[in-house]
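Participant: The structure is given below, and queries will be raised subsequently.
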Amino acid sequence: MSKLVIAEKPSVAKNIAKVLGADKNEDGYLEGNGYVVSWCVGHLIELAQPESYDAAYHKWNYETLPIIPDAFQYQVKGDTKKQYGILKKLMERSDVTSVVCATDAGREGELIFRLVINQAKCSKPIERLWISSMEESAILEGFQNLRPGKEYDNLYESALARQKADWLVGINGTRLFTVLYNGKMLRVGRVQTPTLAMLVDREMDIMNFKKEPFFTVCIDADGVSAVSEKIKDKSEAEQIMKKVFHKSCEVMEVTKEEKKVNPPKLYDLTTLQRDANRIFGFTAKQTLDAAQSLYEKKYITYPRTDSCYLSDDMMHTAMAVIDATKWKEFGKTIQIVASVNIKQVLNSKKVTDHHAIIPTVQIKKGVTGVGDREKKILDLIVTRLLCATSGPYVYNAEAATLCAEGETFKLTKKNIKEKGWKEYEEHLRVFYKGSIEDEAEDEIIELGIALKKGDMLMIQNAQIKDGFTSPPKHYTEDSLLKAMEKAGAKDMDDEVERKGLGTPATRADIIEKLVKDGLVKREKKQMIPTDDGMRLITILPDVIKSPKLTADWENELVKVSKGEIPASKFLSGIETMVRDLVATYNSVSEEKKDMFSSGKEPLGICPKCGKQVVKGKFGAYCVGKCGMTLAKAFGVSLSDSQVKNLLNHKKILVKGINGKNGKYDAYLYPIGIKAYSYTGKDKKEYSGYQYEFDVTYPRK
């Protein structure tokens with residue numbers, strides 16, 4: 006008898022199989038020692054597209070909205086059919102007595118597994134593996150403590166409800182605004198739309214910002230430098246400078262304070278992505294891909310986490326990892342220079358599905374087979390562990406207020422007392438020079454002389470410095486990820502599994518989609534909305550572009566995952582929102598219909614509806630979606646120049662037309678348009694319009 010173990014990815018499955026002793030390689034799975042270990046490839050099963058419910062949904066138009074299925078349908082993804090078939094056969098094997106869910110331990114991992122089980126109609130007992138590391142000891146411990154699958158039924162229900170809700174809002178919102186604005190694809194989503202809105206709001210703040218000049222008076226009094234408050238009027242600043250020049254000043258107040266900066270927390274995925282973007286310029290997706298690779302090679306723990314702590318029982322594990330950093334090999338070795346305080350990174354109450362990202366003891370054996378990007382990410386993770394378990398950075402801060410001729414000047418100085426965790430941060434500064442942004446607190450300036458209240462100083466020099474008020478900064482991926490993480494969080498309950506917009510694992514993909522859809526562009530490190538991105542946010546209702554929608558959803562999904570409310574109640578609210586959206590936004594004025602650029606090369610005007618014909622991925626098409634076919638003639642794909650000539654009522658030569666007696670060439674001259682219809686191989690009816698041609702043949 007065998008247990009069937011289903012992981013989320015092939016690499017993870019192979020690691021599990023090695024530990025379990027399933028060492029016989031088969032097509033799509035491994036077997037041995039009473040285990041059959043196979044894998045999904047991410048999502049094998051997906052929600053069906055609208056046209057699967059009704060052929061009328063093939064065409065996008067307002068009359069078919071909203072699309073709300075009575076019962077949602079699922080389908081096997083086209084590019085993963087083979088692996089699904091393998092899993093289905095394994096489930097049906099008579100010697101397989103139970104199935105172990107070994108997908109990622111979280112809401113989405115549960116969804117991936119359950120959809121496969123349901124699609125295959127498997128009724129065998131289910132057990133759940135829940136681990137955060139691919140190390141052998143963690144896998145063995147996890148299999149010794151498998152949990153009944155039923156304990157995670159409500160988690161699955163919440164994941165299913167989230168997926169259906171995203172489908173309802175995405176499908177209906179995207180189709181609604183696309184058809185209202187002349188067929189320009191306008192993607193709408195619960196996460197990506199509020200993210201775009203944040204970028205647009207920041208861009209508007211920058212565009213509307215008016216810089217204003219300011220002036221400060223700087224004095225040098227017996228070796229002590231001090232500065233006035235900002236002054237708007239230059240003449241006023243000049244008067245102050247003249248008034249205090251070569252005058253004495255009195256020290257009115259001196260404050261001295263010892264300040265501590267506590268160590269940073271361990272990395273969750275978002276914080277790791279932010280640092281990698283700021284220090285190395287990596288995109289969020291590049292960092293996630295590198296971290297995932299390191300995880301699969303057993304050099305770090307599970308990266309798709311939103312926790313910054315380790316569980317209370319991990320003290321010895323963490324100590325072993327810190328000891329292993331002494332052997333870290335890829336050209337740079339970090340020296341352990343401070344006492345280690347493991348307890349400050351332990352807090353089981355703040356660990357959700359997975360603990361923080363840390364290296365594994367595997368690095369003690371050496372790090373091989375990794376690329377430059379992976380090395381840098383591992384370097385960050387190792388350094389962060391040492392920083393997080395070190396002592397505080399301590400410095401003495403001194404502030405003084407000087408007064409001369411009734412004018413006030415201030416100075417602040419500080420000096421280091423204990424470097425603490427910054428000893429390790431220095432490692433990054435040395436090896437990645439100039440890539441870390443210095444914060445104001447890092448500027449160390451010794452005062453030079455001791456000041457006390459009542460001291461009299463002589464001003465030897467005074468000068469004016471000018472400047473301008475600064476506009477808000479454009480978002481970088483670093484600051485955008487931070488904003489996504491915080492967005493709507495204040496409206497979320499404490500028990501919400503995922504706070505902010507998206508999850509640590511999906512935020513990178515959201516950013517990439519915005520760029521791919523032409524709504525956001527990268528300019529060096531800056532993320533800037535395009536003109537179409539700006540326009541889209543102006544037309545969308547607040548309910549879709551506000552982070553509060555995600556907050557409300559997550560609050561409800563927590564209740565679903567706990568069994569406090571049925572998923573049907575949550576989805577009923579989503580359906581009502583979608584119906585209201587379609588009913589409210591039912592028309593657009595003619596002058597606004599063409600406010601979005603097609604993003605495609607214009608080739609001419611459609612002879613059927615008068616809209617633009619543009620160059621698309623699969624040939625020319627009409628943005629008005631009127632049914633006019635322009636990409637082919639007599640089965641032959643037309644070039645852009647041929648389409649342009651037809652639209653200008655010119656004759657074209659088409660070569661290689663299939664005929665009864667072989668291929669032939671013909672001149673085609675457009676004389677009108679005609680309707681067509683046919684039944685496809687899928688037995689569905691297709692119809693539209695095409696050119697009617699006058700056909701002549703070249704002389705032989």
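Quick note: to get our numbering, add 5 to the position in the sequence shown (first position is 1). Here a beta-carbon is modelled for each residue, glycine too, at the ideal position from N, C-alpha and C. Here the structure is a predicted model, which means the values were calculated and not measured.
1. Per DSSP, what are the beta-bridge partners of Gln531 in this structure?
2. What residues are listed by DSSP as bridge partners for Leu351?
3. Excluding five sequence neighbours on each side, which residues of the same chain lie with their C-beta closer than 8 Å to the C-beta of Asn282?
4. Got a sec? Which residues, its chain only, sit under 6 Å from Leu9 by beta carbon, not counting five neighbours each side?
5. Give the C-beta separation of Ile549 and Thr198 to the nearest angstrom, bearing in mind that I take them to be a contact with Cβ-Cβ under 8 Å.
6. Is the Cβ-Cβ distance between Glu208 and Ile533 less than 8 Å?
7. Do Thr474 and Glu217 have their C-beta atoms within less than 8 Å of each other?
8. Mind checking which residues open and close the beta strand (DSSP E) that includes Asn466?
9. Using CA atoms only, rank isn't needed, just tell me which of Tyr89, Leu201, Val700 is closest to Met539.
10. Measure the alpha-carbon distance for Lys369 versus Thr330 and round it to whole angstroms.
11. Using alpha carbons as the reference points, say which of Glu234, Lys87, Gln149 lies closest to Lys415.
12. Helix, strand or coil for Leu673, going by three-state DSSP, please let me know.
13. Looking at the structure shown, is Phe575 part of a helix, part of a strand, or coil, going by DSSP?
14. So what does DSSP say about Lys126, is it helix, strand or coil?
15. Taking all protein chains shown into account, do 16 or more other C-beta atoms lie within 10 angstroms of the C-beta of Val326, making it buried, or fewer, making it exposed?
16. Could you say which of Tyr34, Tyr400, Asp75 lies nearest to Tyr58 if we only look at CA atoms?
17. Count the other C-beta atoms from every protein chain shown that fall within 10 angstroms of the C-beta of Pro130, then say buried if there are 16 or more, exposed otherwise.
18. In the DSSP assignment, the beta strand (DSSP E) including Gln695 goes from what residue to what residue?
19. Could you compute how far the alpha carbon of Val700 sits from the alpha carbon of Lys655?
20. Using the three-state DSSP reduction, which class does Lys458 fall into: helix, strand or coil?
21. How would you label Ile382, buried or exposed, when you count the other beta carbons within 10 angstroms and need 16 or more for buried?
22. Could you check what DSSP says for Gln54 in three-state terms: helix, strand or coil?
23. Could you give the C-beta distance for Ser138 and Thr365, rounded to a whole number, given that I count them as a contact under 8 Å?
24. So, using beta-carbon positions, are Ser253 and Met489 closer together than 8 Å?
25. To which residues of the same chain is Thr5 closer than 7 Å at the C-beta, ignoring the five residues directly before and after it?
26. Out of Val121, Gly26, Ile386, state which residue places its alpha-carbon closest to the alpha-carbon of Tyr272.
27. Would you mind listing the alpha helix (DSSP H) stretches within the stretch 356-424 that are 4+ residues and don't spill past its ends, in chain order?
28. For the stretch 86-162, which segments carrying the alpha helix (DSSP H) assignment without a break, of at least 4 residues, lie completely within its bounds, in sequence order?
29. May I ask which residues mark the beginning and end of the beta strand (DSSP E) holding Lys215?
30. Do you know how far the Cα of Leu274 is from the Cα of Ser682?
31. Examine the Cβ distances between the stretch 158-178 and the stretch 563-582 and report whether three or more of them are shorter than 8 Å.
32. Starting from Ala231, trace the beta strand (DSSP E) in both directions and tell me its first and last residue.
33. Counting C-beta neighbours from all protein chains within 10 Å, is the total for His359 16 or more, i.e. buried, or is it exposed?
Facilitator: To lay it out plainly:
1. Within the sequence shown, residue 531 is the residue found at index 526, counting from 1. Note: Gln531 sits in a beta bridge opposite Thr481, Glu528.
2. By one-based count along the sequence shown, residue 351 stands at place 346. Here Leu351 is bridged, per DSSP, to Leu315.
3. As a first step, residue 282 must be located in the sequence shown, where it is residue number 277. Correct list, in chain order: Thr288, Ala289, Thr292, Thr481, Glu482, Asp483, Leu486, Lys530.
4. As a first step, residue 9 is located in the sequence shown; it is residue number 4 there, counting from the start. Excluding five sequence positions before and after Leu9, the CB atoms of its chain that fall closer than 6 Å to its own CB belong to Val41, Leu95, Val101, Val104, given in chain order.
5. Position 544 of the sequence shown holds residue 549. Position 193 of the sequence shown holds residue 198. Correct: roughly 5 Å between the Cβ atoms.
6. By 1-based counting over the sequence shown, the position of residue 208 is 203. By 1-based counting over the sequence shown, the position of residue 533 is 528. Yes, the Cβ-Cβ distance between Glu208 and Ile533 is below 8 Å.
7. Locating residue 474 in the sequence shown gives position 469, counting from the first residue. Locating residue 217 in the sequence shown gives position 212, counting from the first residue. It is a contact, given that the beta carbons lie within the stated cut-off.
8. The count along the sequence shown starts at 1 and reaches residue 466 at position 461. For Asn466, the uninterrupted beta strand (DSSP E) run begins and ends at 461-473, by DSSP.
9. As a working mapping, residue 539 is identified with position 534 in the sequence shown. Of all alpha-carbon atoms in Tyr89, Leu201, Val700, the one lying nearest the alpha-carbon of Met539 is that of Leu201.
10. As a first step, residue 369 must be located in the sequence shown, where it is residue number 364. As a first step, residue 330 must be located in the sequence shown, where it is residue number 325. In a straight line, the C-alpha of Lys369 is about 7 Å away from that of Thr330.
11. Against the sequence shown, residue 415 aligns to sequence position 410. Checking every option, the nearest Cα to that of Lys415 belongs to Glu234.
12. To locate residue 673, count along the sequence shown from 1; it is residue 668. Correct three-state label for Leu673: strand.
13. Working through the sequence shown from its first residue, we reach residue 575 at position 570. DSSP places Phe575 in helix when its eight states are reduced to three.
14. As a first step, residue 126 is located in the sequence shown; it is residue number 121 there, counting from the start. Coil.
15. As a first step, residue 326 is located in the sequence shown; it is residue number 321 there, counting from the start. Residue environment analysis places Val326 among the buried positions, since at least 16 neighbouring C-beta atoms fall within 10 angstroms of its C-beta.
16. Here the question's residue 58 lines up with position 53 in the sequence shown. Closest in C-alpha terms to Tyr58, from the list Tyr34, Tyr400, Asp75, comes Asp75.
17. Here residue 130 refers to the residue found at position 125 of the sequence shown. Exposed.
18. By one-based count along the sequence shown, residue 695 stands at place 690. For Gln695, the uninterrupted beta strand (DSSP E) run begins and ends at 690-701, by DSSP.
19. Within the sequence shown, the letter at position 695 stands for residue 700. Within the sequence shown, the letter at position 650 stands for residue 655. Distance from the CA of Val700 to the CA of Lys655, rounded to the nearest whole angstrom, comes to 13 Å.
20. Position 453 of the sequence shown holds residue 458. Looking at Lys458 - three-state DSSP - the assignment turns out to be coil, as it is neither helix nor strand.
21. As a working note, residue 382 is residue 377 in the sequence shown. Under a 10 Å Cβ-count criterion, Ile382 is classified as buried, with 16 or more other Cβ atoms of the shown protein chains found around its own Cβ.
22. Residue numbering aside, residue 54 sits at position 49 when the sequence shown is read from its first letter. In the structure shown, Gln54 sits in coil (DSSP, three-state: anything other than H, G, I, E or B).
23. Residue mapping note: residue 138 aligns to position 133 of the sequence shown, counting from 1. Residue mapping note: residue 365 aligns to position 360 of the sequence shown, counting from 1. Under the criterion of beta carbons closer than 8 Å, Ser138 and Thr365 qualify as touching, at roughly 6 Å.
24. Residue 253 sits at position 248 when you count from the first residue of the sequence shown. Residue 489 sits at position 484 when you count from the first residue of the sequence shown. The answer is no: Cβ separation not under 8 Å.
25. Nothing in the structure corresponds to residue 5, since the chain is present only between 6 and 705.
26. Against the sequence shown, residue 272 aligns to sequence position 267. That would be Ile386, whose Cα lies nearest to the Cα of Tyr272.
27. Runs of the alpha helix (DSSP H) spanning 4 or more residues and lying entirely within the stretch 356-424 occur at 377-393, in chain order.
28. Those alpha helix (DSSP H) runs which fall completely within the stretch 86-162 and span 4+ residues are 86-97, 112-124, 141-149.
29. Within the sequence shown, residue 215 is the residue found at index 210, counting from 1. Secondary structure note for Lys215: it is in no beta strand (DSSP E), with a DSSP letter that is neither H nor E.
30. Counting from one through the sequence shown, the residue named residue 682 turns up at place 677. Counting from one through the sequence shown, the residue named residue 274 turns up at place 269. Their backbone Cα atoms lie some 52 Å apart in a straight line.
31. The stretch 158-178 vs the stretch 563-582: in contact.
32. Your numbering for residue 231 matches position 226 in the sequence shown. Ala231 -> beta strand (DSSP E) spans 229-232.
33. Within the sequence shown, the letter at position 354 stands for residue 359. Per the 10 Å Cβ criterion, buried.
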